[in-house]
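Sequential numbering from 41 applies to the sequence shown in this note's numbering. Glycine included, each C-beta is placed from N, C-alpha and C at the ideal position. As the structure is a computational prediction, the values presented were derived from the model and not from experiment. This report concerns only the one structure given below.
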Amino acid sequence: MKNLLFFLLLMAGNLPAQDYKIYVSDAGNFNVPPWQILKYDSDGSNPEVFIADHLNWPQDILFRENENIVLISNFGTNRISKFEADSGRFLSEFAYGILGPTRMKIGPDSLLYVLQWGGNGKVKRFQLDGTFVDDFTSRGVDQSIGMDWDVDGNLYVSSYNLDHVRKFDPTGQDMGLFIQSNLAGPTNIWFDDGGDLLVLDYDATSVKRFGPDGTYLGAFLTGLSKSEGVALLPDGNILIGNGASNSVKQFNQNGQYIDDLIPSGSGGLMTPNAVVIRLDKVTKVSNIETNDFIFFQNEDGEIVVEEKDMDVLILLNPFGQIILSSNDNTLKTNGLPGGVYYIFAKKGGQTFSAPIMVK
């Protein structure tokens, strides 16, 4: 099993470089404009204003590639607004009645999870057309602003003002505090491949690491101030918005500082609070037909390649992490959230790789 994993990782490491753009939410003067969503090339150059209207203290950015839309959570209007993904043109209001929406993520059940700063603090769920589903969590998390899931489907939510991270089971039932010390204004949180939880500390200077049982393991990286917004790059590097310097800093996967990839004030950047990457080229599964392979998505939502007994068939997320693998001809993607993934196929001397869109 270890040899197979090593081989898959080797294959993933040899995938072609992925072209992408970087999108940054700029909270400006917080409850006072200017507010904007900025767009940069992958090297941090060529800043341009992607969205400047229908914003009010924006908090997060979420692209839905199969619909060519991007969602922006607006803290100041208690709404999530919908824009065209390629042009940034305003389309409509996606969801209402969220008291200070902050982070948005598509969950394991393919529903949209939204954190709210105020109100009852419960995590809200919406269908991907904006229809309200429910208040998912059994209790609220005050000033919630970061969330992620572990491999068992448990949900973790950070509280900025209470300096803790709360854990919920896959049905939304409260499992108590996962972290209740060593934090100072936690914002974004995410799990690494080893199962450790990494936490941005807005009121401190570091990203802190906690073990799978919540044990504090020390600082993963330092040199931050007013940090909010994180993106994991395809090469393993990490981008973090740094409000004190009006920039986006880049660190390697070991936590060592590389540079301010987006320099201070580039494009008018004042207060970065969300950082997102978007691949330039995405292919629908139904459109993949090469000289060597034909792919399709069956009625069960699985990706199938017509060629049998593949040597390698793997699916990765946009950050190069292996999500699924198969030694036959089927990837069981029906349990995955819809969005962009990367497929790699090999049989004999024939290979194929491309970013794809899974519905």
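The segment 72 to 142 is shown to contain no whole alpha helix (DSSP H) run of 4 or more residues. Within the same chain, and ignoring the five residues on either side of S306 in sequence, the residues whose Cβ sits closer than 6 Å to its Cβ are P87. Taking 7 Å as the cut-off, the beta carbon of S285 is found no closer than this to the beta carbon of I302.
Per DSSP, reduced to three states, the secondary structure at T262 is strand.
Contact check between the segment 142 to 162 and the segment 123 to 131: fewer than three CB pairs, one atom from each, fall below 8 Å, which does not count as touching.
Contact between P98 and I112 holds: CB atoms are separated by about 5 Å, below the 8 Å threshold. Under the DSSP assignment, D243 falls outside any beta strand (DSSP E); it carries neither an H nor an E label. In the three-state reduction of the DSSP assignment, S199 falls in the strand class, which pools E and B. Its Cα nearest to that of N282, the residue S65 stands out among D59, Y60, S65, K61. In the DSSP annotation of this structure, V163 is not part of any beta strand (DSSP E), being labelled neither H nor E.
Secondary structure at T373: helix, using DSSP grouped into helix, strand and coil. Excluding its 5 nearest sequence neighbours in each direction, L202 has C-beta neighbours in its own chain below 6 Å: D182, listed in chain order. The beta carbons of G269 and P226 sit no closer together than 7 Å.
Counted as a single uninterrupted DSSP element, the stretch harbouring G254 is not any beta strand (DSSP E), since DSSP gives it neither H nor E.
Of the other Cβ atoms in all chains shown, fewer than 16 fall within 10 Å of the Cβ of P74; this residue is therefore exposed. Counting the other Cβ atoms within 10 Å of the Cβ of A244 gives 16 or more, which makes it buried.
In this structure, I317 places its C-beta atom within 7 Å of the C-beta atom of I62.
Selection S198, R165, A259, G137 evaluated against M187 yields S198 as nearest (Cα-Cα). Contact check for L264 against A271 fails: the beta carbons are separated by 7 Å or more. In the structure shown, the three-state DSSP call for S150 is coil. Distance check between Y153 and each of L102, D233, M215 places L102 closest, using alpha-carbon atoms only. Per DSSP, the unbroken beta strand (DSSP E) holding M215 starts and ends at 214 to 219. Comparing alpha carbon positions, the residue from I362, K372, I363 closest to E342 is K372. Minimum Cα-Cα distance from Y60 among the listed residues L223, D81, K248 corresponds to D81. Rounded to the nearest whole angstrom, the CA to CA distance from D190 to T391 is 32 Å. If you draw a 10 Å sphere on the C-beta of D241, you find 16 or more other C-beta atoms in it, and that means buried.
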